[in-house]
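Asker: Numbering (mature numbering (1 follows the signal peptide of the UniProt record, and there is no 0)), first residue to last: -24 to -1, 1 to 315.
Before anything else, here's the structure in question.
What follows is the structure in structure tokens.
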């Protein structure tokens, strides 16, 4: 680890990610991130993480952000191999590897990304962690994005119009829902969404509202079909190299565990996603030629039946890993309802 201060300037975004402590840090960690420079993950989430770490350790630990080290699906192995100290992973990019974490992606939950992220971490501590699906790295936070909606090049005003469309849908529950709706799924990482739509290789994508700005969908997918609660919620994890954490002094480890890692960081990440979703909606409403089409009452009823089928399938799938899937689902639902 270098004895340096975080000061990473992303010129293309006119944004600097910098620490809050004036003195040089004793430990500088390397963050690998795959999102675009201006995306909320890099512009807001990682800076918040650095702020929390510096505050908890009195400036002894900071981190520097590096982009483009590896594509999204490679981040888990990247951190496990020690090529970087920290990263964010999207569970849906690795089908079959993170089965238990599909529970948070289910449609039908009511509540904010902040509430979902807190409930997610609590479900992990009580149930999901027993499957040890993040073995090989240190899990330091879990969070979701906001409700995912359909963003399309042509207007979709009825759910039946989705059938037959070529739609970029990630793995996990998003893929299950897409199949149930009759869409032809195209799997490309989020950073490739803009060019996929611009080249007409897809008719639409299913992503949260923040993508209207974060991935410039207002330019290439002017239409939104909005389902209350979303078609699914995406599942993310902040992860850390185990040796990097073990090499930190015990007092610093304790400070990070008590003040940053787990529920505190998960809550802050969810809160930020609520904020960037609001920014994406505002960007849509302010951009000429863009439209948001709300699902009809009839479509709400039809989708409720689809959601119930997907939920039953996923709960059975998670239960097969040895996790009490129904109890975990009930916990998430009750925690979100309470918040």
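Where is the CB? At the ideal position from N, CA and C, for every residue including glycine.
What's the call for residue 231, buried or exposed, on a 16-neighbour Cβ count within 10 Å?
Answerer: Looking at its Cβ environment, which holds 16 or more other Cβ atoms inside 10 Å, residue 231 is buried.
Asker: Would you call residue 301 buried or exposed, if buried means 16 or more other Cβ atoms sit within 10 Å of its Cβ?
Answerer: Residue 301 comes out buried.
Asker: Are three or more beta carbon pairs between the stretch 196 to 208 and the stretch 269 to 276 nearer than 8 angstroms?
Answerer: They touch, by the three-pair rule.
Asker: In this structure, how does DSSP classify residue 67 when only helix, strand and coil are distinguished?
Answerer: Reduced to three states, the DSSP call for residue 67 is helix.
Asker: Identify which residue in 306, 239, 214 and 200 has its Cα closest to the Cα of residue 127.
Answerer: It is 200 whose Cα lies nearest to the Cα of residue 127.
Asker: Residue 78: buried (16+ other C-beta within 10 angstroms of its C-beta) or exposed?
Answerer: Residue 78 should be labelled buried.
Asker: Terminal residues of the continuous alpha helix (DSSP H) containing residue 38?
Answerer: Unbroken run through residue 38 is the beta strand (DSSP E), 37 to 43; no alpha helix (DSSP H).
Asker: Can you tell me whether residue 44 is buried or exposed, with buried defined as 16 or more other CB within 10 angstroms of its CB?
Answerer: The residue in question, residue 44, is exposed, as its Cβ has fewer than 16 Cβ neighbours within 10 Å.
Asker: Specify, as a first and last residue, the run of the alpha helix (DSSP H) that residue 196 falls within.
Answerer: Here the alpha helix (DSSP H) through residue 196 covers 193 to 196.
Asker: Please report the residue range of the beta strand (DSSP E) in which residue 125 lies.
Answerer: Counting along the chain, the beta strand (DSSP E) containing residue 125 begins and ends at 125 to 128.
Asker: Can you pull the DSSP bridge partners for residue 266?
Answerer: In DSSP, residue 266 forms no bridge with anything.
Asker: Going by DSSP, name the residue or residues bridged to residue 144.
Answerer: DSSP output for residue 144 lists 162 and 181 as bridge partner(s).
Asker: Go ahead and pull the three-state DSSP assignment for residue 18.
Answerer: In the structure shown, residue 18 sits in a helix (DSSP, three-state: H, G or I).
Asker: Going straight from the alpha carbon of residue 316 to that of residue 158, what length do you get?
Answerer: Residue 316 is absent from the structure shown; the chain starts at -24 and stops at 315.
Asker: For the 8 angstroms Cβ check, are there 3 or more pairs between the stretch 96 to 109 and the stretch 248 to 266?
Answerer: As far as the Cβ criterion goes, the stretch 96 to 109 does not touch the stretch 248 to 266, which means the pair count is below three.
Asker: Under a three-way DSSP split, which group does residue 216 fall into?
Answerer: Residue 216: strand per DSSP, three-state reduction.
Asker: Based on the DSSP secondary-structure assignment, which residues constitute the bridge partners of residue 153?
Answerer: Answer is none; residue 153 lacks a bridge partner.
Asker: For residue 305, does the three-state DSSP call read helix, strand or coil?
Answerer: Correct three-state label for residue 305: helix.
Asker: For the candidate residues 243, 50, 288 and 217, whose alpha-carbon lies nearest to that of residue 117?
Answerer: Looking at the Cα atoms, 243 is the closest of the given residues.
Asker: My assumption, with CB atoms under 8 angstroms, is that residue 212 sits in contact with residue 65. Please give the rounded CB distance.
Answerer: About 7 angstroms; that satisfies the 8 angstroms criterion.
Asker: With distance defined between alpha-carbon atoms, name the residue in 237, 197, 42 and 59 nearest to residue 29.
Answerer: If we check each option's Cα against that of residue 29, 237 comes out closest.
Asker: Along the chain, where does the beta strand (DSSP E) that runs through residue 6 open and close?
Answerer: 3 to 9 is the span of the beta strand (DSSP E), which, as asked, contains residue 6.
Asker: Which residues does DSSP list as the beta-bridge partners of residue 297?
Answerer: Answer is none; residue 297 lacks a bridge partner.
Asker: By how many angstroms is the C-alpha of residue 267 removed from the C-alpha of residue 108?
Answerer: Approximately 43 angstroms, taken between the alpha carbons.
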